[in-house]
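First the structure, in the form of structure tokens, and then the observations on it.
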Amino acid sequence: MRILLLIPPYIPSYFNAGHHLPLFQVATYIREKNPSWQVTALDGGTLNLTWHDLAKELAKGYNFIGLFNDFDAVDGFGRTVMYCREILPQVKMFTFGRLSKQVPDWFKQFGFEGIAFSGDYESSVESFLLNYGPNTGSIPGLIVKTPEGYLQGNAGHMLSPEEWILPDTLEIPYAAYDRMYKNDLNKFCGIPDRRELVIPVARGCPVGCEFCDVPSMQGKSERRLSVDRVIKYITDQQQIQPFDYISFYAPTFTLNRRWVKELCHKFIELKLPVKWKCVTTIYHLNEELIALMAQAGCIRISLGVETISVSKNLQLPRIKLNTEAKIQELLAIAKHNGIEINAFIILGLPGDTMEASIKTIEWLIAEGARVRPTVYTPYNELHEGSSLAEVGKYNRQIFHETPQSPMERLKGYSLLFANDKDRPTEVMKK
Ligand code: SF4
1 MRILLLIPPY IPSYFNAGHH LPLFQVATYI REKNPSWQVT ALDGGTLNLT WHDLAKELAK
61 GYNFIGLFND FDAVDGFGRT VMYCREILPQ VKMFTFGRLS KQVPDWFKQF GFEGIAFSGD
121 YESSVESFLL NYGPNTGSIP GLIVKTPEGY LQGNAGHMLS PEEWILPDTL EIPYAAYDRM
181 YKNDLNKFCG IPDRRELVIP VARGCPVGCE FCDVPSMQGK SERRLSVDRV IKYITDQQQI
241 QPFDYISFYA PTFTLNRRWV KELCHKFIEL KLPVKWKCVT TIYHLNEELI ALMAQAGCIR
301 ISLGVETISV SKNLQLPRIK LNTEAKIQEL LAIAKHNGIE INAFIILGLP GDTMEASIKT
361 IEWLIAEGAR VRPTVYTPYN ELHEGSSLAE VGKYNRQIFH ETPQSPMERL KGYSLLFAND
421 KDRPTEVMKK
């Protein structure tokens, strides 16, 4: 059985290699568990694949094609499905990804045989490939096409971390990823001129920010790989190809402090010559931890700051409110330890003002932080009838309803795309 897992060609508005990684992780998982399957993973979502290239890939012949969906990646879905059905009339198609977890019914317009809506991607993709056929009944985690119409299965299966299989990095188009990260002022998540190894160490987050899709997608309880598996993966990958730094892909990396300390102590003990970065919240950091992380090679901590506004109308979790003093303290500690703080800011948060966002960003830049502003996303407003253009707004670059004032929106776009007070990172010098 020949299977193609594909991110179709599209023009990205943002790039984070970690967001593309499930394609390779799923491919590695189903390949290892089903050795007779021939599985190809192709990431065409980094300005690296023409429609002609895609047609040539399809002409190799596939029985199943799975399209990985995200808020940008669906731009090319209609044309990709047309190419697939035209060149491979017998092919069965399915989709999995962030967007089909939010609005699975939206994907019925493309006529997919399977739409993954629940559970971990690995288990829903494998279930579809094992079970889809002429007399298909319901399949957990999927909506499947039957002669009687679409049939929704029960909730999908969440894997334990012991079941995760880390991706085969030889399939990843790193040269294309390097190009995406070249201009730091695009505010993409990698470091210019440095090759990144992304390691997906955890899934799920209990914090519950209303604008975030992690809890609904990966669960409210965190699952995490063992430290030993992470270290083995790093040492294995270092022998396969060189990397300049590691990006630990975890929704809230320091949520489990005991784990982070264990990792850092092992890095120090083994004298692993690795630089790394991670994402967390202000609440989940302190001086002792930052110092240890620096000693173990951490060069950047991305922080979900969101805003320093003190408005009473903000709809943020308690741990993200009134944080200015704490951020100031963390900035000083990070600076002392040679770590760059990359502050995630959300523009258009309900209850916030653009003046507060401008103040937040100017203050953070003046304090030496890198800032990465994005736009508030009201996922609850997505629905089956949303247009492609509306779905495209969930790429966090274009405002939704808030702010309502045209002047506020213009100020926001100026902050996002024309902030002449901003400067590129220098973290690559570390
Ligand atoms: S802390 Fe981060 S990952 Fe967790 S819910 Fe909030 S934004 Fe999402």
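The sequence shown begins at 1 in full-length UniProt numbering and counts up one residue at a time. Backbone N, C-alpha and C fix where the C-beta goes; we use that ideal spot for every residue, glycine too.
Less than 8 Å separating the beta-carbons of residue i and residue j?
i: residue 272; j: residue 243; result: no
i: residue 295; j: residue 264; result: yes
i: residue 93; j: residue 122; result: no
i: residue 58; j: residue 87; result: yes
i: residue 305; j: residue 282; result: yes
i: residue 168; j: residue 28; result: yes
i: residue 376; j: residue 402; result: yes
i: residue 135; j: residue 100; result: no
i: residue 173; j: residue 48; result: yes
i: residue 65; j: residue 4; result: yes
i: residue 298; j: residue 234; result: no
i: residue 415; j: residue 397; result: no
i: residue 343; j: residue 303; result: yes
i: residue 369; j: residue 331; result: yes
i: residue 116; j: residue 146; result: no
i: residue 351; j: residue 405; result: no
Rounded to the nearest angstrom, what separates residue i and residue j at their Cα positions?
i: residue 91; j: residue 82; result: 12 Å
i: residue 61; j: residue 2; result: 7 Å
i: residue 357; j: residue 250; result: 26 Å
i: residue 409; j: residue 104; result: 30 Å
i: residue 347; j: residue 361; result: 10 Å
i: residue 418; j: residue 373; result: 12 Å
i: residue 422; j: residue 365; result: 7 Å
i: residue 333; j: residue 175; result: 35 Å
i: residue 179; j: residue 107; result: 31 Å
i: residue 171; j: residue 74; result: 22 Å
i: residue 345; j: residue 395; result: 15 Å
i: residue 142; j: residue 153; result: 5 Å
i: residue 14; j: residue 72; result: 8 Å
i: residue 158; j: residue 120; result: 5 Å
i: residue 46; j: residue 407; result: 33 Å
i: residue 316; j: residue 291; result: 28 Å
i: residue 384; j: residue 125; result: 22 Å
i: residue 42; j: residue 50; result: 12 Å
Got a sec, what are the start and stop residues for the beta strand (DSSP E) residue i sits in?
i: residue 31; result: Segment 17–33 is the alpha helix (DSSP H) holding residue 31; no beta strand (DSSP E) there.
i: residue 374; result: 370–375
i: residue 150; result: 149–152
i: residue 43; result: 38–43
i: residue 199; result: 196–200
i: residue 276; result: 276–280
i: residue 112; result: Here residue 112 belongs to no beta strand (DSSP E), and DSSP marks it neither H nor E.
i: residue 343; result: 340–347
Got a sec: does the ligand SF4 put a non-hydrogen atom nearer than 7 Å to the Cβ of residue i?
i: residue 214; result: yes
i: residue 412; result: no
i: residue 385; result: no
i: residue 208; result: yes
i: residue 281; result: yes
i: residue 273; result: no
i: residue 205; result: yes
i: residue 252; result: yes
i: residue 78; result: no
i: residue 304; result: yes
Which one of the options has the shortest CA to CA distance from residue i?
i: residue 37; options: 26, 229, 116 and 19; result: 26
i: residue 32; options: 44, 163, 141 and 118; result: 163
i: residue 181; options: 17, 140 and 413; result: 17
i: residue 210; options: 255, 194 and 314; result: 314
i: residue 221; options: 235, 324, 204 and 208; result: 204
i: residue 252; options: 234, 219 and 229; result: 219
i: residue 262; options: 118, 340 and 227; result: 227
i: residue 245; options: 6, 214 and 195; result: 195
i: residue 56; options: 309, 35, 76 and 84; result: 84
i: residue 388; options: 155, 351 and 79; result: 79
i: residue 268; options: 223, 231, 256 and 241; result: 231
For chain C, is any of its Cβ atoms less than 8 Å away from the one on residue i?
i: residue 181; result: Structure shown: chain C not included; a single protein chain is present.
Could you tell me the boundaries of the alpha helix (DSSP H) in which residue i lies?
i: residue 261; result: 257–270
i: residue 84; result: 77–87
i: residue 329; result: 324–336
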